[in-house]
Amino acid sequence: MPFCCLRANGARASQEMAMDREGRLALIVSVARTMIAHEDELTRLDQAIGDGDHGVNMRRGFEAVLRDAEAMAELSPALALDAIGHRLVNCIGGAAGPLYGTLLLSLGRYAGHARTLQDWVIAFGQAIEDVKRRGRSEAGQKTLLDVFVPVHAILVEKGGEAVAQLARIAEDAAEETRPMRALRGRAAFLGERSIGHVDPGARSASLVLGVVGRVLCEEK
Amino acid sequence: MSGEPKVGVVIVSHSIKVAEGTADMVRQMVGDALPLAAVGGNPEGGLGTHVELIHAALQRAWSEAGVVVLVDLGGAETNSEMAIERMPATQRDRIVICNAPIVEGAIMAATESSGGSPLEVVRHAAEELMAGR
Numbered sequence: 001m002p003f004c005c006l007r008a009n010g011a012r013a014s015q016e017m018a019m020d021r022e023g024r025l026a027l028i029v030s031v032a033r034t035m036i037a038h039e040d041e042l043t044r045l046d047q048a049i050g051d052g053d054h055g056v057n058m059r060r061g062f063e064a065v066l067r068d069a070e071a072m073a074e075l076s077p078a079l080a081l082d083a084i085g086h087r088l089v090n091c092i093g094g095a096a097g098p099l100y101g102t103l104l105l106s107l108g109r110y111a112g113h114a115r116t117l118q119d120w121v122i123a124f125g126q127a128i129e130d131v132k133r134r135g136r137s138e139a140g141q142k143t144l145l146d147v148f149v150p151v152h153a154i155l156v157e158k159g160g161e162a163v164a165q166l167a168r169i170a171e172d173a174a175e176e177t178r179p180m181r182a183l184r185g186r187a188a189f190l191g192e193r194s195i196g197h198v199d200p201g202a203r204s205a206s207l208v209l210g211v212v213g214r215v216l217c218e219e220k
Numbered sequence: 221m222s223g224e225p226k227v228g229v230v231i232v233s234h235s236i237k238v239a240e241g242t243a244d245m246v247r248q249m250v251g252d253a254l255p256l257a258a259v260g261g262n263p264e265g266g267l268g269t270h271v272e273l274i275h276a277a278l279q280r281a282w283s284e285a286g287v288v289v290l291v292d293l294g295g296a297e298t299n300s301e302m303a304i305e306r307m308p309a310t311q312r313d314r315i316v317i318c319n320a321p322i323v324e325g326a327i328m329a330a331t332e333s334s335g336g337s338p339l340e341v342v343r344h345a346a347e348e349l350m351a352g353r
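Chains as they are written, first to last, in my numbering: chain A, 1 to 220; chain B, 221 to 353.
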């Protein structure tokens with residue numbers, strides 16, 4: 001049984017998504033470990049166009065999440081997202097803390113009664129709007145929104161089929177930030193010189209979504 | 221401090237040295253005429269900004285007349301917004317982030333506040349610095 005009964009074929013957006021404690025723990029731990037494992041890559045990307053702290057900030061945030069993963073997995077998905085969001089806001093710092101924090105806090109708030117994949121995708125879209133407001137930014141400005149926004153659009157269109165390919169879809173979206181010119185965040189100071197590098201926030205967003213997709217489709 | 225409450229000033233920098241240095245300059249101008257708090261750095265003592273530390277600074281500098289917040293770069297602004305949202309609902313709408321350079325803005329705001337000006341006038345004094353450029 002996959003954790004969420006989401007398969008590459010045949011998954012319908014209206015299908016119930018149920019995730020037990022074991023599934024929630026696997027999801028939290030996998031996302032946290034992936035982020036910690038990619039510290040050096042995120043640091044390199046951020047040194048190219050930012051202030052070089054994205055890797056260490058994300059590691060600090062997700063180490064804090066990992067410490068409480070067992071307790072967080074006991075909570076309902078909405079409350080777990082709220083707990084993780086608060087932890088990230090408090091521990092990531094930098095510009096990423098409020099952005100990832102807002103995403104998860106809002107997702108927890110909007111997904112309170114989510115049952116189906118469709119419900120979750122709608123909540124994800126609402127949470128993305130809150131991230132836009134927080135960062136006063138839109139897609140196309142070389143930020144993590146350049147992953148969240150197109151991935152959300154594909155999820156709306158393709159449902160479970162997109163979940164099965166989430167890692168590739170998200171990585172492609174992150175790669176699309178390479179030719180973009182940064183208009184928000186520290187990279188905006190670089191202007192034209194920000195062109196030619198993948199945005200570190202877009203990269204971390206693609207890593208998170210990739211893990212979510214893999215865990216949701218994994219066999220138990 | 222005596223008489224009518226003065227608008228508080230909170231200085232939020234990625235560097236605690238920048239924040240405290242700015243506060244030193246403010247104090248040299250206006251003494252302890254108004255509530256003032258400086259905050260900066262991440263939880264590990266490095267460069268960065270931190271919601272809980274900013275929240276504590278807002279509480280230290282809270283005034284019934286309101287508080288203006290001066291920030292340096294992107295994360296300082298978003299983290300300050302989240303810190304403001306943690307303040308009681310009755311206080312939140314009297315805390316404003318100024319679109320102004322951190323050092324000059326803090327000095328202009330503090331000078332205006334020490335004269336007893338209300339929140340919007342204090343904010344305007346700091347933001348005028350940007351408008352003139």
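Note that CB positions come from ideal geometry on N, CA and C, so glycine has one too.
All of these numbers come straight from a predicted model, not from anything done at the bench.
Measure the CB-CB distance between L107 (chain A) and L81 (chain A) and report whether it falls below 9 Å.
-> yes
G221 (chain A) - DSSP class collapsed to helix/strand/coil = The requested residue 221 (chain A) does not occur in the structure, where chain A is confined to residues 1 to 220.
In whole angstroms, what is the alpha-carbon distance linking L117 (chain A) and G23 (chain A)?
-> 16 Å
Nearest to F124 (chain A) (by Cα), restricted to the options A:P200, A:E218, A:V147 | A:V147
Output, in chain order, the set of chain A residues within a Cβ distance shorter than 8 Å of E272 (chain B).
-> N90
Three-way DSSP call (helix, strand, coil) for V31 (chain A) in this model | helix
Nearest chain B C-beta to A32 (chain A) closer than 9 Å, yes or no?
-> no
Interface residues of chain A facing L339 (chain B) [CB-CB closer than 8 Å] | By Cβ distance, chain A contributes nothing, its closest Cβ being about 22 Å from L339 (chain B), past 8 Å.
Can you pull the chain A residues whose beta carbon is under 9 Å from the beta carbon of E301 (chain B), in chain order?
-> P98, R134
What are the start and end residues of each continuous alpha helix (DSSP H) run of 4 or more residues lying completely inside the region 82-167 of chain A, in chain order?
-> 96-110, 117-135, 145-158, 160-164
Quick one: what's got a C-beta closer than 6 Å to G61 (chain A)'s C-beta in the same chain, skipping five residues either side?
-> L88, C91, I92
Contacting residues, own chain, Cβ-Cβ under 8 Å from I304 (chain B) (five flanking each side not counted) = L278, V289, R312, I315, I317
Once you ignore the five residues that flank Q141 (chain A) on each side, which residues in its own chain have a CB closer than 6 Å to its CB?
-> L183, R184
Residue closest to G286 (chain B), alpha-carbon to alpha-carbon, out of B:P225, B:L349, B:T298 = B:P225
Say whether chain B places a C-beta atom closer than 9 Å to the C-beta of R178 (chain A).
-> no
If you draw a straight line from the alpha carbon of G55 (chain A) to that of E161 (chain A), how long is it in whole angstroms?
-> 31 Å
What whole-angstrom Cβ distance do P200 (chain A) and G50 (chain A) have, given they're in contact under 8 Å?
-> 6 Å
Burial state of D46 (chain A), where buried means 16 or more other Cβ atoms lie within 10 Å = buried
Residue burial classification, L216 (chain A) (beta-carbon count within 10 angstroms, cutoff 16) = buried
With 9 Å set as the bound, which would you pick, yes or no: does the beta-carbon of T116 (chain A) sit closer than that to a beta-carbon of chain B?
-> no
Classify A192 (chain B) as helix, strand or coil using the three-state DSSP reduction.
-> An answer regarding residue 192 (chain B) cannot be provided, because it is not within the stretch 221 to 353 covered by chain B.
For the beta strand (DSSP E) that contains I231 (chain B), what are its first and last residues?
-> 228-233
Tell me whether R315 (chain B) sits in a helix, a strand or coil according to DSSP, three-state version.
-> Sequence inspection shows Ile at residue 315 (chain B); the Arg mentioned does not correspond to that position. Residue state, collapsed to three classes: strand.
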